[in-house]
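Enquirer: Chains as they are written, first to last, in our numbering: chain A, 1 to 985; chain B, 1001 to 1094.
My structure is below; once you've seen it, I'll send some questions.
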Amino acid sequence: MKTRRIDNYGKINRDKILSFSWDKKNYKGFEGDTLASALLANNIGIVGRSFKYHRPRGIFSSGVEESGALVTIGSKDRRDPNVRATTQELYNGLEASGQNAFPNVNFDLAGINNYLGRFFAAGFYYKTFMGIPPLEWGKGTAIWMFFEKFIRKAAGMGSSSGLPDPDTYEHAHDFCDLIVVGSGPAGVAAAIEAAEKKLDVILVEQDSLIGGNQLAENDFDNSQIKNQLENLGIKIMTRTTAFGLYDNCVVGLLERVTDHISAPNVNFPRQRFWTIRAKHIIVGAGAIERHIAFNNNDIPGVMTVNASKHYLNRYGVLTGKSIVIATNNDSVYETAHQLSEAGANVTVLDSRTNFEIETNKSFEIRKGYVPYNINGSKKIDSLDISKSETINKSETINCDQVLLSGGWSPAVHLLSHRGVKPKWDYKNACFLPSDTKENITMVGSSRGLWNKNDCIASGIAGTTSALNRLGISKTNYFFPKPGGWKNPIQPLYEVKYKKSRSKSFVDYQHDVTTDDVRLAHREGFISVEHLKRYTTLGMANDQGKMGNIIGLSLMAELLNKEIPEVGTTVFRPPYTPVSIGALSGRNVGKHFRPLRVTPMHQWNIDHGAKMIEVGLYQRPWYYPKENETLSDSYIREASTVRKTVGICDVTSLGKIAIQGPDSNEFLNRIYSNGFSKLQVGKARYGIMLRDDGIVMDDGTSWRLAENEYFMTTSTGEAAKVMSWLEELLQTRWTDLNVNVTSVSEQWAGVSVAGPKSREVLNNCVDDSFVITNNNLPFMGVTSTFLKGNIPCRIARISFSGELAFEVYVKSDFANTMMDLLWENAKKYDGCLYGLEALGALRVEKGHVTAAELDGRVTIDDAGLSKMASTKKSYIGSAMRKRGVLKNNDREILVGFFPVNLKETFNAGTIVCEKNNIKGQGIGRITSVTYSPELGHWIGLGFVKGGLDKWKDTNLVGADPVRNKQMNLKVVSPHMIDPKGERMYA
Amino acid sequence: MIRINCPYCGERDHSEFSYGGDATINYPSLDASEKDWTEAIFFRKNIKGFQFETWHHSNGCRMWLVVERSTVTHEIKSVKPCHPDLQKVVENNK
């Protein structure tokens, strides 16, 4: 096969040959190539198949706007679909393949779709919802459901590997005074000017090389510029895309660290996701050349003019031998000249009739001519051209390439991310950036400047404006006027030729044709936002970088309006695709969220604990002996607690130190029950309501001294309660002298529960006298010492319903405390117990937890009306009495037994009346356990009207998810020891 | 990303803070009527433009702040501690 590479052109390193594979065949390229340039050099014209019609597609561009050359890179778990071949740097061993084709892009069976075009017109996907005409067979979702998987398979682009991503990604952060996006002449001038004025500057370039569109010039050498930038201390970030602008001059960057390396260092992340906080942003993102819509304008061999210049001067590839350039503006003539100098036979069709251009006459210019049809299917055979006034077959030119330039669109995307709408410029036939109050300045061709000197001047002006805004200087500046061509552009978006059934493509990537835009208009989708969604114009990887304006102009014509009246769709981040891996960074798997462990975590594991996640915490779930299952284990543990003694890690409870002269008043206001009479040395269980009268949390507060309390909260609500207390003290009750401090991490806690708990503690404390029934009665608190002179706090608090103590030591002493307690508990045949047994014990007692207090439940619903003081006002006291919370119909806490005691049931079961099993029923079951004490399954939950209403009626537990139903009996939630005789023992 | 200039810690990302709510509400006394409480809790203005709102520097100094923020542009005009005595201290130290 003949190469298209030519000597003496390009900035590639011809000494360094790279081998790569395309569709499993091996080829050679050079260091400095992109995959696209290497494919072109190897004369590979077809690199993909189009989205719907499976038409052969080639390479349209040389940059991020590419909408044809989307390929799959890599294999197995590193398979990366929909990569633009135009931005993928070549490396040794690169594996690339075409996608959306079977068996391959050269011969694709689905190419038949090209002839079924009318079935795939705009909105065809939505129309499958409407059934098959004329009888609308399958109307509704049925037909869509049937066809969906075929449609998705047929119309997909590349497919992902479906395997876990083996690469790592990083998040990184930086600050600077000025961030400059784009290293073309404007961006470089802005960066240099700013650095010379002592600003801290970051310069971002998505390409591997700095220079911007100058890289397409034959005499451009960036080494001097690079040195100058580096000497000024500018941080240059290449292979880095500014994909989005956010509030307060925050810029999101994606740095491709190893995507261009064949065997990257395993310690490097594949990509880095940067968050840059700048004081000012200068965007010199350049402009993107547009194509022109006419029949068969997608045949491989069609390309933008500027792309061809890039391939020639940067990569040494002459993209065609017999080239026709079709244009409406001045920007193509230098390229035409260089292509003909490089050996191509060039003809320029310029739609304009009246203009002057200086050339060396090495190529022919056909003034007033436009292309209207390409002949060929897998490659260009010839081009039909016509006078631009009336399109009539006049002439056919034999050629192998058609280069298009329908004008240039400034890359206003980043500014659009900030909600700044661009304004239409009639003179230059493009959208220009509008001004913004934010510290963002657009420079260079992204503000519509077409020549280099204007771009440089705008860069310097941009930095001056930034310095003024930042209050560093006060200097006058002016920006050059948009434009810069000698002859005005003549708008040209579509060449209509009515005589053939045509496919003129507006958006190559999604196969949106001019007819699709007309269809959308006929069917009423005339707003640009509707047009976009109905036709998929401007969606997917390229986001309409080339085709959007053409679509807008067609709609404007159909509506008899001007482009600015039709508007433009809003560009949203990201500018180019960002991989999900980069977004998640290292926050994957176990690192998805922080992990909290208690200070005796390892001790628990060493003693056989199986752990469970509770919020962020790892807590002991159960401690199986030998072959015990979870059920065996927790039933044994719970029984042991009731018979002798058990020890349970309760460190995850929230702990708050409350200090100051108004502490008592504070607690009295936040808890629903009275705290004013709580004596030093006593603890009290308390309930906190929200402002709206619903229960927020429950816990205990211990009065350690006159003005010092130790509060415990539930595990799940610990952070919320802390913030709430701080909010009250800092915003509402600013006269109260109280200080709150989270001490959750400072104290390790265990519950020692069971009839033998006092004996165990007797052996563990220095002075057993302090924990006698007299000295430490139920809800008593003492500060004392464990053996070995370990200071501790002990409260006689019971969650299990047994005689029980909560013991807290400083976290550093956690293991010592566990060793001591466990050694002594073993003497009484005690056990270690986990969360599952803890749950069983509390359900038996009817104690509520987060499963019951779910943010919908009032204090009365929870059967805790006694806890609502009538003698004082407190948070929620007015609102808990509002009508809707006092309704007779409310669901009240009850216990549940199965009627047949051998039956089991699950949390989540819906409680219904016998002959009315439907909907939400009359209640729900929130917690379920096997009760070792009672010898059958029991549950806690809520039912409308409560125990009084249903105590003699059997109800039905409906569990449609598990396809189960059982008869239930409603009982008091206090299923064992209702008088609490054991606790007070 | 919104950047909030905490009077204690300096300018930080909004991800360090938790949004509170309307900072202009005068919560009634605890013994006030259900009607007054209903008014304070459930009725909110939907302001277009600058509003005063509370933010908690939950992953920082844990102070509650009054932030004057535009609901249209996210521009922040002022940041002060909620507590009036602390406001005075911050003012005096300026």
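Backbone N, C-alpha and C fix where the C-beta goes; we use that ideal spot for every residue, glycine too.
How many Å lie between Arg572/A and Ala840/A at the Cα?
Expert: Their backbone Cα atoms lie some 52 Å apart in a straight line.
Enquirer: Answer yes or no: do Trp274/A and Leu253/A have a C-beta to C-beta separation smaller than 7 Å?
Expert: Yes; because the gap between Cβ atoms is below 7 Å, this pair is in contact.
Enquirer: Given this structure, state the Cα-to-Cα distance separating Gly74/A from Asp108/A, to the nearest angstrom.
Expert: If I take the Cα positions, the gap works out to 21 Å.
Enquirer: For the alpha helix (DSSP H) holding Leu163/A, just list the boundary residues, first then last.
Expert: That residue, Leu163/A, is in no alpha helix (DSSP H); it is neither H nor E in DSSP.
Enquirer: Is Cys1082/B close to chain A, meaning its C-beta is less than 7 Å from at least one C-beta of that chain?
Expert: Interface residue, yes.
Enquirer: Note down, in chain order, every chain E residue with its Cβ under 7 Å from the Cβ of Gly1020/B.
Expert: Absent from the structure is chain E; the protein chains it does hold are A and B.
Enquirer: With 7 Å set as the bound, which would you pick, yes or no: does the beta-carbon of Trp1055/B sit closer than that to a beta-carbon of chain A?
Expert: Judged by the 7 Å Cβ criterion, Trp1055/B is not in contact with chain A.
Enquirer: Report buried or exposed for Leu838/A, applying the criterion of at least 16 other Cβ atoms within 10 angstroms of its Cβ.
Expert: The residue is buried, with at least 16 neighbouring Cβ atoms inside 10 Å.
Enquirer: Can you pull the chain B neighbours of Ala878/A, defined as C-beta to C-beta under 7 Å?
Expert: Ala1032, Ser1033, Glu1034 and Trp1037, listed in chain order.
Enquirer: Use the C-beta contact count for Val848/A: other C-beta atoms within 10 angstroms, 16 or more gives buried, fewer gives exposed.
Expert: Val848/A is buried by the Cβ-count criterion.
Enquirer: Count the C-beta pairs between the region 613 to 625 of chain A and the region 769 to 784 of chain A that are closer than 8 Å, then say yes if the count reaches three, no if not.
Expert: These segments do not touch.
Enquirer: Taking the alpha helix (DSSP H) that Thr772/A falls in, what are its first and last residues?
Expert: Counting along the chain, Thr772/A falls outside any alpha helix (DSSP H), and DSSP gives it neither H nor E.
Enquirer: Measure the C-alpha to C-alpha separation of Ser798/A and Leu934/A and round it to an integer number of angstroms.
Expert: For Ser798/A and Leu934/A, the distance between alpha carbons rounds to 20 Å.
Enquirer: Check whether the Cβ atoms of Gly921/A and Ile938/A lie closer than 7 Å to each other.
Expert: Not in contact: Gly921/A and Ile938/A (Cβ atoms no closer than 7 Å).
Enquirer: With Leu821/A and Cys912/A assumed to form a contact (beta carbons below 8 Å), what rounded beta-carbon distance in angstroms separates them?
Expert: Not quite, the Cβ-Cβ distance comes to about 46 Å (not below 8 Å), so this is no contact.
Enquirer: Roughly how far, in whole angstroms, is the beta-carbon of Ile202/A from the beta-carbon of Val105/A, given that I think they are within contact range, below 8 Å?
Expert: Incorrect: roughly 40 Å between the Cβ atoms, too far for contact.
Enquirer: Less than 7 Å between CB atoms is the rule here; does Ile201/A satisfy it with respect to chain B?
Expert: As written in the sequence, residue 201/A is Val, which differs from the Ile given in the question. Chain B, which has no Cβ nearer than 7 Å to the Cβ of Val201/A, makes this no.
Enquirer: Which residues, in chain order, does the region 233 to 260 of chain A contribute to contact with chain B at a C-beta distance below 8 Å?
Expert: Those residues of the region 233 to 260 of chain A that come within reach of chain B (Cβ to Cβ, closer than 8 Å) are Tyr246, Asp247, Asn248 and Val250.
Enquirer: CB Ala556/A to CB Ile549/A, shorter than 7 Å?
Expert: Going by C-beta atoms, Ala556/A is not nearer than 7 Å to Ile549/A.
Enquirer: Under a Cβ-count criterion, where at least 16 other Cβ atoms within 10 Å of its own Cβ denotes burial, should Gly980/A be classed as buried or exposed?
Expert: Looking at its Cβ environment, which holds fewer than 16 other Cβ atoms inside 10 Å, Gly980/A is exposed.
Enquirer: The beta strand (DSSP E) with Gly749/A in it runs from where to where?
Expert: Gly749/A -> beta strand (DSSP E) spans Trp747 to Ala753.
Enquirer: Hey, quick one: how far does the beta strand (DSSP E) through Tyr333/A stretch, first residue to last?
Expert: Looking at the DSSP string, Tyr333/A is not in any beta strand (DSSP E); the run it does join, the alpha helix (DSSP H), is Tyr333 to Glu341.
Enquirer: Per DSSP, Ile281/A is paired with what?
Expert: Ile179/A and Ile440/A.
Enquirer: Closest to Thr713/A by C-alpha separation, out of Asn737/A, Ser742/A and Arg924/A, would be which residue?
Expert: Closest by alpha carbon: Ser742/A.
Enquirer: I need the boundaries of the alpha helix (DSSP H) containing Arg642/A, first residue and last residue.
Expert: Where Arg642/A is concerned, the enclosing alpha helix (DSSP H) stretches over Leu630 to Lys643.
Enquirer: Roughly how many whole angstroms lie between the Cα atoms of Glu341/A and Gly316/A?
Expert: Their backbone Cα atoms lie some 13 Å apart in a straight line.
Enquirer: Hey, would you say Arg270/A sits closer than 7 Å to Asp167/A, going by beta carbons?
Expert: Yes, Cβ-Cβ distance for Arg270/A and Asp167/A is below 7 Å.
Enquirer: Under the DSSP definition of a beta bridge, which residues are partnered with Val790/A?
Expert: The identity of residue 790/A in the sequence shown is Ile, whereas the question assumes Val. Ile790/A is bridged to Leu786/A.
Enquirer: Where are the beta strand (DSSP E) runs, 3 residues long or more, that stay fully inside the region 48 to 83 of chain A, in chain order?
Expert: List check, beta strand (DSSP E) in window: 70 to 73.
Enquirer: My output table needs one value for Pro1081/B: the three-state DSSP class, helix, strand or coil.
Expert: If DSSP states are grouped into helix, strand and coil, Pro1081/B belongs with the strands.
Enquirer: Is Gln602/A buried or exposed, if buried means 16 or more other CB atoms sit within 10 Å of its CB?
Expert: Gln602/A comes out exposed.
Enquirer: Nearest-angstrom Cα distance between Ala705/A and Asn439/A?
Expert: So the alpha carbons of these two residues sit roughly 56 Å apart.
Enquirer: With burial defined as no fewer than 16 other Cβ atoms inside 10 Å of the residue's Cβ, what is the status of Asn673/A: buried or exposed?
Expert: Classification for Asn673/A: buried.
Enquirer: Report buried or exposed for Lys532/A, applying the criterion of at least 16 other Cβ atoms within 10 angstroms of its Cβ.
Expert: Burial call: buried.
Enquirer: Since Arg1062/B meets chain A, which of its residues come closer than 7 Å, beta carbon to beta carbon?
Expert: Neighbours of Arg1062/B on chain A, chain order: Glu726.
Enquirer: At a Cβ threshold of 7 Å, is Arg1069/B touching chain A?
Expert: Judged by the 7 Å Cβ criterion, Arg1069/B is not in contact with chain A.
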